[in-house]
Structure formats: C-alpha cells, structure tokens
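Q: Here the sequence shown is numbered in this note's numbering, starting from 19 and rising by one per residue. The beta-carbon is built from N, C-alpha and C at its ideal position, and this holds for glycine as well. Bear in mind the structure is a predicted one, so any value in this text is a computation, not a measurement. Attaching a single structure in structure tokens format; questions to follow.
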Amino acid sequence: MKPKFLSPLEVRLIGYQSFELLTPLTFENAKFVITVYPGFDYDGASIPQALWHIVGCPMGGLYSAAACIHDALYASRLFNRKTCDKLFHEAMIASGTDRSLAKRMYLAVRAFGESSYEEGEDLSKYRNLVKIDLK
Numbered sequence: 019m020k021p022k023f024l025s026p027l028e029v030r031l032i033g034y035q036s037f038e039l040l041t042p043l044t045f046e047n048a049k050f051v052i053t054v055y056p057g058f059d060y061d062g063a064s065i066p067q068a069l070w071h072i073v074g075c076p077m078g079g080l081y082s083a084a085a086c087i088h089d090a091l092y093a094s095r096l097f098n099r100k101t102c103d104k105l106f107h108e109a110m111i112a113s114g115t116d117r118s119l120a121k122r123m124y125l126a127v128r129a130f131g132e133s134s135y136e137e138g139e140d141l142s143k144y145r146n147l148v149k150i151d152l153k
C-alpha cells in the first residue's frame, strides 16, 4: 500500500511560528494509521530562518503536514526517535515533497533532532492528541 494522507492539514496561527491543528490529520502507511487531533500545537518544520530562502519556511511547503505528524510523534513519544524520523520522510514523499528535499530534511532531523526529541514536557497532554492504529 502506498503511504498517503487521508485528510488535509488545517491550522491556525496562534503565535509567532506557532500553529494549532483545527481538524484531525490522518496519515496511513502499510503498518499504521496515525491521527493527530485538533488542539495539537506545534512550530511547523524546524527550518533555521537563514535557510528559508533555500528550503522553504516552516509552513506552506508540501512538507507541512508531514512536519505536523513528525512533531506530534516526537511530542507523544509513541515511537522511538528513529521511527519518528523515518515516518517523517515517508510522509513528506506521500505529500509530494521533492525526493531530494525530503532526503535533506530527513538527514537534518537525524543529525539535529535529538535535543527536540529529548526535551521533556507533560507527555500525557500529547498522548491524548495522537492515536496510532496498527493494521
């Protein structure tokens, strides 16, 4: 089965580079159906501002829905970091992101995402907003 998003990304800006999900966002691959529920807040793709003119801004690219899924998986810790990053890459490809850009963004989160994954917050808040269904 080809990975795909089952719903569109719908967000509203709630602060400088801070967004709130307004409707459920669902991504499906051969193993899982991942749903992120309204109320999830995140910062879009973590692209340094100096690279926005090269890569794109945190929101608005084809990778935006994949960034939401990735941030939700990091926040909920329902998967290990490597799995979260692989799902990010897979979701970017599914959303139509250029394969070369998707690979570069995947390599960036592998190289620099550890501190974001390790930062601890109240995970119960996020686990209530993310659902993983096994197929």
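Among the residues of its own chain, which have a CB less than 8 Å from the CB of Gly57, if the five just before and after it don't count?
A: By one-based count along the sequence shown, residue 57 stands at place 39. Closer than 8 Å at Cβ, skipping near neighbours: Glu38, Leu39 and Leu147.
Q: Can you round the beta-carbon distance between Glu46 and Leu27 to whole angstroms, since I take them to be within the 8 Å contact cut?
A: Locating residue 46 in the sequence shown gives position 28, counting from the first residue. Locating residue 27 in the sequence shown gives position 9, counting from the first residue. No, Glu46 and Leu27 are not in contact; Cβ-Cβ is about 15 Å, not under 8 Å.
Q: Quick check: what's the CA-CA separation for Gln35 versus Thr101?
A: Sequence index remark: in the sequence shown, residue 35 carries index 17 (1-based). Sequence index remark: in the sequence shown, residue 101 carries index 83 (1-based). In a straight line, the C-alpha of Gln35 is about 25 Å away from that of Thr101.
Q: Can you tell me whether DSSP reads Asp59 as helix, strand or coil?
A: Mapped onto the sequence shown, residue 59 falls at position 41. Reduced to three states, the DSSP call for Asp59 is strand.
Q: Alpha helix (DSSP H) containing Leu119: first to last residue?
A: For the purposes of this step, residue 119 is identified with residue 101 of the sequence shown, where counting begins at 1. Boundaries of the alpha helix (DSSP H) around Leu119: Arg117 to Phe130.
Q: In the DSSP output, what is Ile150 paired with across the bridge?
A: Stepping through the sequence shown from its first residue, residue 150 is reached at position 132. DSSP, once it has assigned bridges, lists Ile52 as partnering Ile150.
Q: Select from Gly114, Tyr124, Gly131 and Met123 the residue whose C-alpha is nearest the C-alpha of Ala93.
A: Taking the first residue of the sequence shown as 1, we reach residue 93 at position 75. Of the candidates Gly114, Tyr124, Gly131 and Met123, the one whose C-alpha sits nearest the C-alpha of Ala93 is Gly131.
Q: Does DSSP put Thr101 in a helix, in a strand, or in coil?
A: Here residue 101 refers to the residue found at position 83 when the sequence shown is read from its first residue. Helix.
Q: Could you tell me if Ala109 is buried or exposed, where buried requires 16 or more neighbouring beta carbons within 10 angstroms of its beta carbon?
A: Start at 1 with the first residue of the sequence shown, and residue 109 comes out as number 91. Ala109 is buried by the Cβ-count criterion.
Q: Using 8 Å for Cβ pairs, my map puts Arg145 next to Leu96. What's the rounded Cβ distance?
A: In the sequence shown, residue 145 corresponds to position 127, counting from 1. In the sequence shown, residue 96 corresponds to position 78, counting from 1. The pair is a contact, with the Cβ atoms about 7 Å apart (cut-off 8 Å).
Q: Sorted by chain position, which residues of the same chain lie with C-beta nearer than 7 Å to Ala126's C-beta, five sequence neighbours on each side aside?
A: Residue mapping note: residue 126 aligns to position 108 of the sequence shown, counting from 1. Nothing meets the Cβ criterion.
Q: Would you report the Cα separation of Phe50 and His107, rounded to the nearest angstrom?
A: Numbered from its first residue, the sequence shown carries residue 50 at position 32. Numbered from its first residue, the sequence shown carries residue 107 at position 89. Roughly 15 Å separates the two Cα atoms.
Q: Do you know offhand how far Arg122's Cα is from Leu105's?
A: Counting from one through the sequence shown, the residue named residue 122 turns up at place 104. Counting from one through the sequence shown, the residue named residue 105 turns up at place 87. Roughly 14 Å between the two C-alpha positions.
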